[in-house]
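Colleague: Note that the protein sequences, when read in sequence, are chains S and G. Residue 301 is where the first sequence starts when you use this note's numbering, and the numbers rise one by one after that. Residue -16 is where the second sequence starts when you use this note's numbering, and the numbers rise one by one after that.
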Amino acid sequence: METISTQEELILLAVGALHPDAYAYGIQKEIRQQTNKGISLGTIHTILYRLENEGLLKSHLGGSSNKRGGRSKRLFSLTSKGYRVAEELQQVRQSMWSKISPSELFFKA
Amino acid sequence: MKNDFQLPRITVRIIEIFCAERWQDEVIGDLEEQYSENRRSKKQWLAKLILVWETLRFIRPHIFKRPQKLNTTIMTFNHIKISYRNLVRNKIYAFINVLGLSVGIASVILIGIYINFETSYDKFFEDSERIYRVALHRIYPTRTKDFGTSSINISTVLKREYPQVEEATRLHRLYFQNEIPIEIEENEKTYIETKFLFADSLFFDVFSYKFIHGDPGTALDNSESIVITRETAIKYFGTDDVLNKTVRSQGEPLQITGVIENIPDNSHIHFDVLGSIASLGFLQNAISTDNWTSPWIYTYIKMKKGADPSALEAQFDDMVVTYGNASISRDIGADWQNNGHAFKYYLQPLQSIHLYSQLDVEVEPNSNISYIYVLTAIALIILIISSINFINLSIARSTERAKEVGIRKVMGSYRLNLINQFLVESIFICLIASILAIGILYFFIPRFNLLLGTYLDFSIFTNPFIILAVVAFIFLVGILAGLYPAFSISALEPSRVLKGSFKTSSGGIWLRNVLITFQFLISIVMISGSIIAEQQMNYLQNKNLGFDKDNLLVVKQSFNLNENYQAFLNELDAIPSIRATGNASILPGQFHGSNVFAVNDPEIPDIRVNACNVDDDFIDAIGFEIVQGRKFEEQFNDSLSIIVNEAAVRAMGVENAIGYKYHAGNNSGTETPQFTIVGVVKDYNFYSLHSEVSPMVIFNISPGNVASNTIVRINSSNTSEVISQIREKWESLTDEEFSYSFLDQDLQRQYEADQNTASMFDIFTYIAIIMSCTGLFGLATYIVNQRSKEMSIRKVLGASLPHIIAVFSKEFMILIGLAFIIGVPIAVYALNQWLANFAYHVNIGVLAFLLAGVLTTFLVLITVSYQAIRIAKVDPVKMLRSE
């Protein structure tokens, strides 16, 4: 199983969620909305390139807008490997979560 | 499309600096989008603060810049690939460039190794930087002489009276007897030792020789002790475990008290056997009489740490007066100082002796620092020639490369990239050349050693420091040679180049011509130099020395025959191919001792003379010419007769020297014989032609005595048969070993160092010429190619082949003429410097320079015409068809 950091996982998921319009600034906004946490654009770019390098994401240059001063954005999407990794992580979490019984953890002591 | 809220310029700049180019656009886009949204939804200052924060978060060059490094690597590999293709595409060019450079680099590395070796002398001794030799500048009333030796009593005084001297020791070499027989009783063999030195018991306190067996502290405490090297031990006994074994020399037993490691080649002292000076009677006598006038001993001192040698030197004059006055007054008179005598002692650092000391009495012949300078110059010249070839060919080829440069520039290449490309290319070629060079060296170092008698070792390449130096050197040469082409070619304008109007710039041609002239100049200087060196070597071999050195066999150690000697001579006389025999203590070419010569006339000044002893037949046998008086003859009792040479007569300042009497010996108290001059011999060169003939006195060997060397004049044919006949006679009369040599070969050995210099010069001359020619060949190829259309038109209009060749050669001829005019004075100057080493030398003639000029011209003509003919043979139609 491929392990990635929480931040990386978050961004990987955001790319999937925003498909087909996932680019760095959009991801930053999505994460802020979902978690109420700010991640800097620098960090997001770094992670995006890293994930792309590892083959979990692919990208192409996409449409521009006036707000960007006419500069194009790089649109990311999951590769099949990236999708599999996200799926695997989810399954692992689920199977482990199912073994945790809150009653034993908190009330037995 | 304009945004209402553009990013501040500073932000864009920061991103441009810290972010790889291919990501800049999207990153700046994201930042701007974020910023403009924030400006709309938030307060201005907050939006700006966020922007600052976000921008700063992009400053992480370890991530964003990394791929660009990868890019350089890829481009470097691409450059190497292109270089390789360029080499393969043009094989002549590649061959000349790579071979030329590799020969250049090999020469430089070889000379580097040689210089490294020559400058490493005696540094292996512990504390070698604190060891000094005490040398003597002896001033006589009419002349001076420089000795590496000093009085035997100096070392004890230095050690006892001068606290800054830690240790002092004495070393002696027998000069009158170069060959000492060593008998091994165990296996009944006799070896002739030529490297038998003598030292006192403190020798190993100064010099840290490695002992395999024995104790360095006590090894030479007894007079009959000897220390030998491992090699010698194995030669004598087949093992190095020979401690306390006994050998015999001239009847005396000698006990081996130490075995040391073989002495490294890079030392100015070499011995196979080291005996004790206590075994030499005349030295013991010099010690007991406190002799300060005879410089018989090498004195070495080790200074205390931090002691100032010049402060010690300053006290030497006082030392001579304080401790030596009694002895000097006894030997040369009490008012010796007023009569113009002086003993100026000084210190020579041990490490400098090999390269800087050329005194009259050295332990071994030393090298000379000027050789090192000359070789360094030669190495640089060869390197420059090969670099010039490289630059010239690059300039010549710039027309071809120009299109490539144009295309690259159109495709967006920066000038820096192009410079980079050409430098990588030249370093790449250098690298190939160096690999080849090391191969060449591996092959040639043993031959080089054989030819020049050096001790260089290829294994130096296992030394990491040397490897590093070689790699640095490769880069240096690569960059230096590639610099000009890199800058000139990369500066081309793509629009002009691609339109096809490009020609080599006039600046480029100018530089090319300067470089070619320089090459011709070197060729002319080196060719004329080697011609004159060759002439001088022939002169040394063929000059009339005042005797006939050919067909003269020398039988050594004749005294071993003792009472059988006369019988031996009689036997030899019976051999038909032997024409004459003679007996002498010292032969021309060997070291002659010297002494003061004063005759019974106060008007005639004392002179310093060399001396030897010969028998009645010797003068005829060797072929000396008597110009006055008579030679030694049997009918007279000549035991008190002497013969002097013309130089001695001149030094005495008399017309007729015959009849003057000489009172020998200055030891008071002993009966001294009185000799009479009976003849004058024509000057003959008993020393090498480096020096003038000096005064000589020839004594007679009294009947019944036998001296070391018997000369045998033989007929030139069937030499080996005569030798075996002589050997047979020898062996029938004695058990001692028969050893012989040829006088002409012995004499030739005096010029070994000169011959080596000349051979080395020859080798590098060939290299320089070949490299100049190959460079020229490559250049001619390109020039001819460039002007092929012009030549075709000339041909169509009726030009003949010689005319075409003339057109091409004209340019080069002018350059040769220029090189000749500049080169001749340089060569004359340098050669005069070299020839000044010889008292007898050839005159520098015009012939050598003419020959050099003609040879260079000839080589250029061949090279150029080969190319011209090649182009002239092509059908003009083919050349002119395409445009």
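Where a beta carbon is used, it is the ideal one built from N, C-alpha and C, also for glycine.
If the cut is a Cβ gap below 8 Å, which residues of chain G does lysine 367 of chain S touch?
Modeller: Those within 8 Å of lysine 367 of chain S in chain G are Asn(-14), Glu15, Glu16, Ser19 and Glu20.
Colleague: If the criterion is Cβ atoms closer than 8 Å, does the pair isoleucine 94 of chain G and isoleucine 361 of chain G meet it?
Modeller: Yes. Within cutoff.
Colleague: Show which residues of chain G have a CB atom less than 9 Å away from the CB atom of glycine 363 of chain S.
Modeller: Chain G residues near glycine 363 of chain S: none, gap ~11 Å exceeds 9 Å.
Colleague: Indicate whether at least one CB of chain G lies closer than 8 Å to the CB of histidine 360 of chain S.
Modeller: Not one chain G Cβ lies under 8 Å of histidine 360 of chain S.
Colleague: So with CB distances below 7 Å, who are the chain G contacts of alanine 324 of chain S?
Modeller: Asp13, listed in chain order.
Colleague: Can a CB atom of chain G be found closer than 8 Å to the CB of arginine 371 of chain S?
Modeller: By this cut-off, arginine 371 of chain S is an interface position.
Colleague: DSSP has valine 230 of chain G in a bridge; who is on the other side?
Modeller: According to DSSP, which records beta bridges pairwise, valine 230 of chain G is partnered with G/Leu237.
Colleague: Evaluate phenylalanine 426 of chain G with the Cβ neighbour count: other Cβ atoms within 10 Å of its Cβ, from every protein chain shown; 16 or more gives buried, anything less gives exposed.
Modeller: With fewer than 16 other Cβ atoms within 10 Å, it is exposed.
Colleague: Taking Cβ positions, are serine 689 of chain G and serine 541 of chain G nearer each other than 8 Å?
Modeller: Inspection of the sequence shows that residue 689 of chain G is occupied by valine rather than by serine. Result yes, Cβ atoms of valine 689 of chain G and serine 541 of chain G sit closer than 8 Å.
Colleague: Three-state secondary structure (DSSP) at proline 332 of chain G?
Modeller: Correct three-state label for proline 332 of chain G: strand.
Colleague: For threonine 335 of chain S and chain G, any beta-carbon pair shorter than 8 Å?
Modeller: So, not an interface residue.
Colleague: Taking the beta strand (DSSP E) that leucine 154 of chain G belongs to, which residues open and close that run?
Modeller: Taken as a continuous stretch (DSSP letters only), the beta strand (DSSP E) holding leucine 154 of chain G covers 148 to 156.
Colleague: Go through the stretch 476 to 529 of chain G residue by residue and report every complete run of the alpha helix (DSSP H) that reaches 4 residues or more, in order.
Modeller: Complete alpha helix (DSSP H) runs here, min 4: 477 to 482 and 489 to 525.
Colleague: So, leucine 696 of chain G versus asparagine 527 of chain G, is the Cβ gap smaller than 8 Å?
Modeller: Residue identity check: residue 696 of chain G is arginine in the sequence provided, not leucine. No.
Colleague: Assuming contact is defined by CB atoms lying nearer than 8 Å, are lysine 386 of chain G and leucine 481 of chain G in contact in what I supplied?
Modeller: The answer is yes: Cβ separation under 8 Å.
Colleague: For phenylalanine 108 of chain G, does the count of other Cβ atoms within 10 angstroms reach 16, so buried, or fall short, so exposed?
Modeller: So phenylalanine 108 of chain G counts as buried.
Colleague: May I have the straight-line CA-CA distance separating lysine 392 of chain G from serine 381 of chain G, to the nearest angstrom?
Modeller: If I take the Cα positions, the gap works out to 15 Å.
Colleague: Verify the CB distance criterion: does glycine 342 of chain S have a CB-CB separation below 8 Å to chain G?
Modeller: Yes, glycine 342 of chain S counts as interfacial toward chain G.
Colleague: From the DSSP output, in three-state form, read off asparagine 649 of chain G for me.
Modeller: Low local confidence applies: a pLDDT of 49 at asparagine 649 of chain G is under 50, so the model's placement there is unreliable, and no value is given.
Colleague: Valine 10 of chain G CB to nearest chain S CB: under 8 Å?
Modeller: True, the Cβ-Cβ gap to chain S drops below 8 Å.
Colleague: Using a beta-carbon distance below 8 Å, is threonine 346 of chain S in contact with chain G?
Modeller: Yes, contact with chain G.
Colleague: Report the three-state DSSP secondary structure of glutamine -11 of chain G (helix, strand or coil).
Modeller: Correct three-state label for glutamine -11 of chain G: coil.
Colleague: Can you tell me the Cα-Cα spacing of proline 146 of chain G and leucine 203 of chain G, whole angstroms?
Modeller: Answer to the nearest angstrom: the Cα atoms are 24 Å apart.
Colleague: Return the Cβ separation of alanine 604 of chain G and glycine 565 of chain G in integer angstroms, given the expectation that the two are a contact with Cβ distance under 8 Å.
Modeller: With a Cβ gap of about 4 Å, alanine 604 of chain G and glycine 565 of chain G count as contacting.
Colleague: Among G/Ala309, G/Ala325 and G/Pro585, which one has its Cα closest to the Cα of threonine 125 of chain G?
Modeller: Cα-wise, what sits closest to threonine 125 of chain G is G/Ala325.
Colleague: Relative to the C-alpha of tryptophan 275 of chain G, which candidate in G/Glu171, G/Val304, G/Leu814 and G/Asn432 has its C-alpha closest?
Modeller: Of G/Glu171, G/Val304, G/Leu814 and G/Asn432, the residue nearest in Cα terms is G/Val304.
Colleague: Let me confirm a value: asparagine 553 of chain G is counted as buried when at least 16 other C-beta atoms fall within 10 Å, else exposed. Which label applies?
Modeller: With fewer than 16 Cβ atoms within 10 Å of its Cβ, asparagine 553 of chain G is classed as exposed.
Colleague: Mapping DSSP to helix, strand and coil, what is leucine 313 of chain S?
Modeller: Helix.
Colleague: For asparagine 446 of chain G, which of helix, strand or coil comes out of DSSP?
Modeller: Note: asparagine 446 of chain G maps to coil in three-state DSSP.
Colleague: Have a look at the DSSP bridge pairing and note the partners of phenylalanine 286 of chain G.
Modeller: Reading off the sequence shown, one finds methionine at residue 286 of chain G, where the question assumed phenylalanine. Answer is G/Val148.
Colleague: How would you call serine 707 of chain G, buried or exposed, if buried means at least 16 neighbouring beta carbons within 10 angstroms?
Modeller: By the neighbour-count rule (16 or more Cβ atoms within 10 Å), serine 707 of chain G is not buried but exposed.
Colleague: Determine whether the Cβ of arginine 384 of chain S lies closer than 8 Å to any Cβ atom of chain G.
Modeller: Not one chain G Cβ lies under 8 Å of arginine 384 of chain S.
Colleague: Could you pull out every residue in the same chain whose Cβ sits closer than 8 Å to the Cβ of tyrosine 67 of chain G, ignoring the five residues on either side in sequence?
Modeller: Closer than 8 Å at Cβ, skipping near neighbours: Phe411.
Colleague: Are valine 388 of chain G and isoleucine 472 of chain G closer than 8 Å when you measure CB to CB?
Modeller: Going by C-beta atoms, valine 388 of chain G is nearer than 8 Å to isoleucine 472 of chain G.
Colleague: Under a three-way DSSP split, which group does lysine 772 of chain G fall into?
Modeller: Lysine 772 of chain G: helix per DSSP, three-state reduction.
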